[in-house]
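First comes the structure, then the notes that go with it.
Numbering (the numbering used here), first residue to last: 214 to 1065.
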């Protein structure tokens, strides 16, 4: 399989012949087709092409095909990057980016490597944001290289990766320009998204004879047939058979029933130390190097390390870093299946030796990335040795990392669990940890897809905790700062209540505390504030009982925010003092920025704008330090609203734009909707109505997408104002009908329906439909008075009355309804808080002598 042959293949094949799933090709032809695809001029492609997949079973010759192609690709003026995931002890996003950056640094500089070094120095809770900047720079570098040279990125060992990391890598590479080609070597096409596929076909009898001749092995046609039938044309198995034939020296190839029986025969001819090492490779799927084997020998009192030369000479064991002083070896997975189990005591001893070694390494000075990689590798051994104990460690350490905002560490830990073969329930639990990580990383859509695939298994599991957690996570995909598009908050509430009922007291209290907290968030978002307050109280009590003081403080803070939403400012102030007292008693430091932010909101609503600004500034700094991008985003939007209320439109614009930049990066749907809503108000204030309504349409669309019920209602009301100007009464009624549908599902935000009813009354009055207009006005006034909870609802109500004073006077007078309206208002017990209606009726009745 030389260069001349491949160049001939390249000339005979065109990339367009690679049609997706057919036909199969031998190694030589696959190499030729791959070369043809990679040396063609891609500069005219409009976007990045689909990846190329070199597909074949373990040992089929994928790596051999690619190794033969790389020099020829480079000879045509292309650059290559080779990522062999078999070489990376704990593959992660950081290790992938680091390896690409290292390989391209020779021709585009070390800027990405320098930024990676700076990333290492970032605090744990800021590293996720810092890593995004590293990835952006890497993409810039690759794009720059691709602008004047084609680049081929080869991915070997893709099947070894967890689903999440594999998907992240392909999404990263898909963003690169057309001149950057991706080639993935896969045993299963499920490991790669839609791709052009080159499938390596089994080796035929003639190819076996050709390979044997190249190696100086004399074989008859009958032996070639026997080898082909035994190996089914697998490249690795063919080479193993030929090596066996060569070493036997008698030119005979015995009959074997299967490859397993053949491998057993091969094993019988090896030393005891060699067999032990092969069994370790087969059972642990771990890369053993000389240093590790030395420690295993010391622990076991034997000398397995002496078998390295013998093992490394076997066709089915490959050195991962050939030529280096310390070598690591990995066995092909198809051969591993044919090797017997190592005695449990020996295997456990080997694992413990490696576990102890990694513990010693952790005591040395390491970079954060190296430490994370070592911890993940150590966890893999723990899961292999004792799955129950390992799962406990994985769950505890991942939860701690997520609570501290150390997303990279959490990712590495979960990846360690994904790489180990575990019992079904443990595998499901690891998947749920991944879903939780994705939600915390603002990737709710990906989390929801993962959860949808595991729902049936969770429902059928004998461990009810898995179902409880499944339901909690499904609801969190909707009730979180970056929700799935068009999620249903009311369904999420139902799901959370189901999870609450299924949870077992004592056993599931940690989940129950999170259920209460998430339920409080969803209830508040739908205007069910009293129930939300109860849920937050339950969350704080449960968390306190568990000793989770951070979650307890978070729940108490949300109580303050909820009371402020319903404008119960005295009780909000009292609840705020409770939080400060609890934080001091239990020395909780991690939530200080959020608490200052919520205090600023309260001071704003108390009209203490000066103090609110000071707190916003201080809280913003604290939230930035801990990497709370959502907190900063929300704070900036609330601060902008203060400046809007204080008529500083320029500063309001600036703060809103800063908030929008964060919201757009992470898809904080609620904040994106509120940004457009605020832009609508600012444009309307200066009379730019066409622009204002464009902003309003954006706000309503984003509010629906992010399940921001409050903003859907608010924007819909302003849309009704536009319809009033157009005389579109049916459109206004449709909006009211949607608002009523929300209320039937439990929505407690009703003031916007009241205000929209007043708008409908205006439109009806303008069309001289006076009786209908009065009915709409009367209902609208009552709804606003009963359910208004804005910062100055009394002022809002007064404005609503004053704007329509003449209309209302005319209707009450014309139809003699003043007495009925007055009695209705008194019977509804609205006269004390909203006396304007009584004054309105009195103006007519006093004229008629019926009231003074």
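For each residue, glycine too, the CB sits at the ideal point set by N, CA and C.
Residue i burial status per 10 Å Cβ neighbour count (16 or more: buried)
i: residue 289; result: exposed
i: residue 955; result: buried
i: residue 292; result: buried
i: residue 799; result: exposed
i: residue 661; result: buried
i: residue 696; result: buried
i: residue 908; result: buried
i: residue 1060; result: exposed
i: residue 1047; result: buried
i: residue 434; result: exposed
i: residue 438; result: exposed
i: residue 1045; result: exposed
i: residue 653; result: buried
i: residue 967; result: buried
i: residue 838; result: exposed
i: residue 820; result: exposed
i: residue 287; result: exposed
For residue j and residue i, believed in contact at Cβ under 8 angstroms, the rounded distance
i: residue 402; j: residue 410; result: 7 angstroms
i: residue 672; j: residue 680; result: 6 angstroms
i: residue 389; j: residue 359; result: 7 angstroms
i: residue 659; j: residue 651; result: 5 angstroms
i: residue 924; j: residue 916; result: 4 angstroms
i: residue 378; j: residue 348; result: Not confirmed; about 14 angstroms, so no contact.
Terminal residues of the beta strand (DSSP E) in which residue i lies
i: residue 996; result: Element bounds for residue 996: not the beta strand (DSSP E) but the alpha helix (DSSP H), 983-1000.
i: residue 268; result: 265-268
i: residue 409; result: 409-413
i: residue 395; result: 393-399
i: residue 292; result: 292-297
N- and C-terminal bounds of the alpha helix (DSSP H) containing residue i
i: residue 948; result: 942-957
i: residue 691; result: That residue, residue 691, is in no alpha helix (DSSP H); it is neither H nor E in DSSP.
i: residue 847; result: 842-858
i: residue 522; result: 521-525
i: residue 581; result: 581-598
i: residue 1032; result: 1031-1040
i: residue 905; result: 902-918
i: residue 422; result: 418-427
Alpha-carbon spacing of residue i relative to residue j, whole angstroms
i: residue 977; j: residue 735; result: 36 angstroms
i: residue 894; j: residue 905; result: 7 angstroms
i: residue 1053; j: residue 890; result: 33 angstroms
i: residue 795; j: residue 766; result: 7 angstroms
i: residue 868; j: residue 855; result: 10 angstroms
i: residue 879; j: residue 676; result: 34 angstroms
i: residue 857; j: residue 337; result: 36 angstroms
i: residue 964; j: residue 312; result: 57 angstroms
i: residue 1034; j: residue 991; result: 8 angstroms
i: residue 340; j: residue 590; result: 21 angstroms
i: residue 656; j: residue 926; result: 26 angstroms
i: residue 285; j: residue 764; result: 59 angstroms
i: residue 217; j: residue 458; result: Its pLDDT being 44, under 50, residue 217 is placed unreliably in this model, and the value from its coordinates should be taken loosely. Cα to Cα, the separation comes out at about 30 angstroms.
i: residue 1051; j: residue 779; result: 26 angstroms
i: residue 840; j: residue 703; result: 30 angstroms
i: residue 942; j: residue 707; result: 35 angstroms
i: residue 597; j: residue 633; result: 7 angstroms
i: residue 745; j: residue 603; result: 37 angstroms
i: residue 717; j: residue 686; result: 17 angstroms
i: residue 330; j: residue 614; result: 21 angstroms
i: residue 864; j: residue 996; result: 35 angstroms
i: residue 470; j: residue 443; result: 8 angstroms
i: residue 644; j: residue 663; result: 7 angstroms
i: residue 689; j: residue 475; result: 53 angstroms
i: residue 342; j: residue 884; result: 19 angstroms
i: residue 542; j: residue 624; result: For residue 542, the predicted structure reports a pLDDT of 47, less than 50, and the residue's modelled location is therefore unreliable. A value from the coordinates is still provided. If you take the alpha carbons of residue 542 and residue 624, they lie about 26 angstroms apart.
Min CB distance residue i to chain E below 8 angstroms
i: residue 860; result: The question asks about chain E, but that chain is absent: this structure has only one protein chain.
- Which ranges would you report for the beta strand (DSSP E) in the stretch 309-371 if only whole runs of at least 3 residues count? 364-369
- Item | Inside the stretch 633-718 only - alpha helix (DSSP H) runs reaching at least 4 residues | 637-653, 657-673, 677-689 and 702-715
- Item | Continuous alpha helix (DSSP H) assignments of at least 4 residues falling wholly in the stretch 433-462 | 434-444 and 448-461
- Task: Return the chain-ordered ranges of every alpha helix (DSSP H) run that is complete within the stretch 726-798 and spans a minimum of 4 residues.
- Result: 742-759 and 762-778
- Message: What ranges does the alpha helix (DSSP H) occupy inside the stretch 459-492, keeping only unbroken runs of at least 4 residues that lie completely in it?
- Response: 472-481
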